[in-house]
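Shown next, in structure tokens, is the structure this report addresses.
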Amino acid sequence: MRLTGFYALALVAGLLPVLFPGNYFITVVGIAAGLNVILAVGLNLLIGYAGQISLGHAAFFGMGAYASAILTTRYAFPPLLALSAGLISAGLMAWGLARPILRLHGHYLAMATLGFGIIIHVIMVQATGWTGGPDGLTGIPLLVLFGWAVDSDQRWYFVIMATMLLAVWLALNLVDSRIGRALRAVRGSEFGARMMGIDTARAKTQVFVVSALFAAFAGSLFAHQQGFVSPDSFNLSISIDLVIMVVLGGMASTFGAAFGAIALTLLHEGLVVFEDYEMLIHGALLMAVMIFLPQGLFVGLSQGARRGWTLVCRRQ
Amino acid sequence: MFEQIIQFLATGITVGSTYALVGLGFALIYNASDVVNFAQGEFVMLGAMLAIALLTAGWPLPLAAIAATLLTVLAGLLLERFAIEPSAGAPVVSTIIITIGAAIFLRGVALLLWGKDFHSLPPFSGDAPLRLGGATLLPQSLWVLGMTVLLVGLVHGFLNRTLLGKALLACSFNRAAAQLVGINVKVMLRLAYGLSAGLGALAGILIAPITFSSYEAGIMLGLKGFSAAIVGGIGNPMGAVAGGLLLGVLESLSAGLISSGYKDAIAFLFVLMVLFLRPTGLFGHQVAERV
Amino acid sequence: MNKQPWKIIVAAILLSTGLNSAQAADPIKIGSFLTVTGPASFLGDPELKTLQLYVESINAGGGINGRPVELIHYDTGGKAQDAVGFVKRLIKNDNVDLIVGGTTSGDTLAAIPEVEKEGIPLVSLAGAVDIVEPVKKWVFKVAHSDRMAAAKIFEDLRKRKLTKVALITGDGGFDKSGREQLLKLAPEYGITIVADESYGNKDTDITAQLTKIRATDAQAIINFGFGQTPAIVTKNIKQLGIKLPVYQSHGVASKTFIDLAGDAAEGVRLPAAALVVAEQLPDSDPQKPVLLAYKKQYEAKYGPVSTFGGHAYDGLFIAVEAVKRAGGTDKAKVRDQIEKTKGFIGASGVFNMTPEDHMGLNLDAFKMVEIHNGGWKIVE
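Protein sequences appear in the order of chains A, B and C. Using our numbering, read the first sequence as starting at 450 and increasing by one per residue. Using our numbering, read the second sequence as starting at 1197 and increasing by one per residue. Using our numbering, read the third sequence as starting at -11 and increasing by one per residue.
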């Protein structure tokens, strides 16, 4: 029962390209949405379950991407080795940062993570010798998985969807584990959790590292899929978009975060037709959702649907 | 070398006082509502752009500046009434998203009204640089500095000397208690938003002759103002002013003495260090967690 | 469970776009991705207006070879990641025949791998030499290179016998790539770079960096950048009482720069396209009629022209001429014809492309101009 939603998601992800073969929206937008789902589900562990905020998550995404880009183009690392290096460096960075940074609360934590994100971004722009500067790095080789080259949008779609499902599955299991319960206690009351004998600093560090790993993994895939990285993909507005995905979908729900990621990706893609009005509509929609559905789209809509359903049942 | 450092300091204080004014707006709103208003930078942009538009329409500068400030105050009140009030009690992240949404919305409005070009305001008293010791300053910088001192003084006096100001402060310490002693918390909220929007607009008008303005000009200023408010200890208005000046001087010194490319990274590294050592900012209250 | 609503929404969106792409392929579809919003919007905005203006007038004149032209445009906002997405959307969803665009070098460079993979002609409107060097099969560009701008500035410095210069550049792609070219070319012209400062493109005060420059023995200052910051740099130079000759890049060759920088802009020199000084050109100049005609048509509808709109004019017509010569929209044939562009008189200069040179402009395409009484004056 716990995994019903997961199977439904897997079914949709698998059926879409079969129902609409060769459709741009499925493959290209699907890849973007899938990557965002991985990022949002990871960040949701931190924001939704542990109650911590991060306005600098794009930095970990970027570290994964740049690790893959730099190591494969400059040092001819095989893609999977570069990916592992990206995971290790992002994980270590998160681990080192976790204790001092997660001591902070609320807006101070928001500021510190935001500052961290900006520092990493400045390095991407300025350390031209390593990162290629503002124009970034091109010529990132194809991802080859055990002799199978991921060289078309269709193949990428399947790789990203498989990773996305893995990420969702991991998140679901993590939430129901001992760590997950400890995290929820931290969110309720950190002091209270400590009184119950939970090592809150340890629990927060663990979840910070895990969400950084999710982001770095997505970053590596992103670098190979685009064949190109530049600092623009990892700036403050991306970090903010990630938080919006988590909150928009509904905090403390893995499916909510996934839903928020998909919704925001489609929104960006859909609003381009409004050109100069895009910003106005985007801002108004964000405000409206948060004011009228403070628990997020996913929770709000599914409650609405449930209420509608009972209403229909009663009439009959 | 000494002459250079004087120039760096003069530059830093000018830039820092704009951060201070924006930071002050953050602090006032936070005091009254526990909300960090990420649309604060957009108030700055709105003030500058409205003043420029009215001036272009043929209004005299003082009148254009006053009207632009009042219109921005109106925008602040509308934001409070239609976005903040309905979402009272929402978690921190939700209010952050709401104000970010408001910021994007205001940018969208400015884009439709004034297009994408940069606009400038003529300096209030000419362009001839002034020499002060080894440093040169624009007359406009003196306007910025002088008005910052005046505005900060007025806000300080208002908060500490007037009944209304004390009521506003009371809300920040304990809203329920303030309500109980007969303070209308709702009115105080509106007061805080109107005041912050007005301060932002004035800051925007003052700096527009130096920095120009466009529909996106609020992003950077909002970010720096937020940092100033946090470094000073959020909710402490004078802390925000100190934080802003500190940040401005730090940026200018690191651009001049260390590396101009990494100056933002150095400034934010400093912010991180401050927070690691003092988790509630330089002048913030140490609050015990309520269980 | 309760996921029906969003599945239906997604399905509806997919269905509607699926239907769109199935429509008849009769018109010639020109795709475009420009930076119409964001910091580089003053480049992309006149480009888009130019494209729209001329696509309209081509259609009013009966189209190309009897087929109407359809322009499909997406705004990247200067985000390279979005540029890649939109290029994919243009190729796979909108099935365009060729692409004119990429306002910024960052956007273009990001899109190149996809364009090369799919094999579709791309005429870029951006500046960096890296776009066409090394030559890429499907990629062309029509904007002046940053290397040309650097060379033109150094030529002028040599004429004035100035050898020590201070550089100050922003942190954007245009700035960094210009800085690289300046550093690379300096030794060839016997020029020493005595200071190399940088600033953030959203900074509002550059006096700290300029104070450092004031303390050096530089004989001239080169500021390579675009947007509002070069205007702030120019004003700060005056504020600090620095009396050295100031050079800007072609990135600020617009009336906005003069308006923003005001008096401080007087005497600033920069390499610019002939468009800004069209009226001052001798009548013998082959570009003059083209420039005046473009200026007239653009200004009748939108107000003052900018050289960046001129790039869009060149890009569109080089592509259109190639389609005419190719007799259709076969991608490989159109590509071959673009490469054979000879003697095309455009807004940015006279283009002569070859298999080795996918830009086809030489240094004459730039005029060294000085800002004089709030206007432009040719100084060579």
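Where is the CB? At the ideal position from N, CA and C, for every residue including glycine.
In this structure, I1406 of chain B keeps its C-beta atom at 9 Å or more from the C-beta atom of K226 of chain C. If you ignore the 5 residues before and after S702 of chain A, its C-beta comes within less than 8 Å of the C-beta of N493, G497, G745, F747, V748, all in its own chain and listed in chain order.
By the criterion of a C-beta distance shorter than 8 Å, T180 of chain C is surrounded in its chain by T151, K152, V153, A174, once the five residues flanking it on both sides are discounted. Put simply, the CB of L1328 of chain B is far from chain A, with every gap to its CB atoms at 9 Å or more. Within the same chain, and ignoring the five residues on either side of Y42 of chain C in sequence, the residues whose Cβ sits closer than 6 Å to its Cβ are L304.
Distances from the alpha-carbon of A1249 of chain B to those of B:W1310, B:L1273, B:T1207, B:P1287 put B:W1310 closest. L279 of chain C and H346 of chain C have their alpha carbons spaced roughly 22 Å apart. At a Cβ-Cβ threshold of 9 Å, A1286 of chain B and I1296 of chain B do not count as neighbours. When Cβ-Cβ separations below 9 Å define contact, Y473 of chain A makes contact with chain C. Taken in chain order, the complete alpha helix (DSSP H) segments of 4 residues or longer contained in the region 192 to 266 of chain C are 195 to 202, 217 to 227, 243 to 249. Looking at the DSSP output, L1251 of chain B shares a beta bridge with no other residue. Taking 7 Å as the cut-off between beta carbons, the residues of the region 1429 to 1462 of chain B near chain C are S1448, A1451, G1452, S1456, G1457, D1460, in sequence order. Within the region 612 to 658 of chain A, the complete alpha helix (DSSP H) segments of 4 residues or longer fall at 627 to 637, 639 to 644, listed in chain order. Per DSSP, the beta-bridge partners of T180 of chain C are C:K152. Residues of the same chain with a CB within less than 7 Å of the CB of L1251 of chain B, apart from the 5 flanking positions on each side, are L1257, A1260, L1317 in chain order. For secondary structure counted as the alpha helix (DSSP H) over 4 or more consecutive residues, the region 558 to 615 of chain A holds these complete runs in sequence order: 577 to 580. A543 of chain A is a Cβ neighbour of V658 of chain A, given a cutoff of 9 Å.
The region 332 to 352 of chain C and the region 259 to 276 of chain C touch, with no fewer than 3 CB-CB distances between them shorter than 8 Å. Boundaries of the beta strand (DSSP E) around W364 of chain C: 363 to 366.
Secondary structure at D82 of chain C: coil, using DSSP grouped into helix, strand and coil. Using a Cβ distance threshold of 9 Å, A499 of chain A and V1288 of chain B do not count as a contacting pair.
Nearest Cα to D247 of chain C within the set B:F1222, B:F1314, B:D1230: B:F1314. Where K125 of chain C is concerned, there is no enclosing beta strand (DSSP E), because DSSP gives it neither an H nor an E. Looking at the backbone, the Cα of A672 of chain A and that of I568 of chain A are separated by about 20 Å.
I537 of chain A: member of the alpha helix (DSSP H) spanning 528 to 551, first to last residue. The residue from C:A137, C:G215, C:I201 with its alpha-carbon nearest to that of E1412 of chain B is C:G215.
With its beta carbon less than 9 Å from one in chain A, L1419 of chain B belongs to the interface.
The region 182 to 196 of chain C and the region 1451 to 1458 of chain B touch, with three or more beta-carbon pairs separated by less than 8 Å.
Shown in chain order are the members of the region 82 to 96 of chain C whose Cβ falls below 7 Å from a Cβ of chain A: S93, G94. In summary, the residues of the region 536 to 553 of chain A whose CB is separated from some CB of chain B by less than 7 Å are P549, R552, L553, in the order they occur in the chain. In the three-state reduction of the DSSP assignment, S1409 of chain B falls in the strand class, which pools E and B. With respect to the C-alpha of Q675 of chain A, the residue from A:G588, A:I550, A:V571 having the closest C-alpha is A:G588. Per DSSP, H1315 of chain B lies in no alpha helix (DSSP H) segment and is marked neither H nor E. Scanning chain C for C-beta atoms nearer than 7 Å to the C-beta of E724 of chain A yields D63, reported in chain order.
At a cut-off of 9 Å between beta carbons, M1416 of chain B contacts chain C.
Rounded to whole angstroms, the separation of the alpha carbons of T1210 of chain B and G1342 of chain B is 10 Å.
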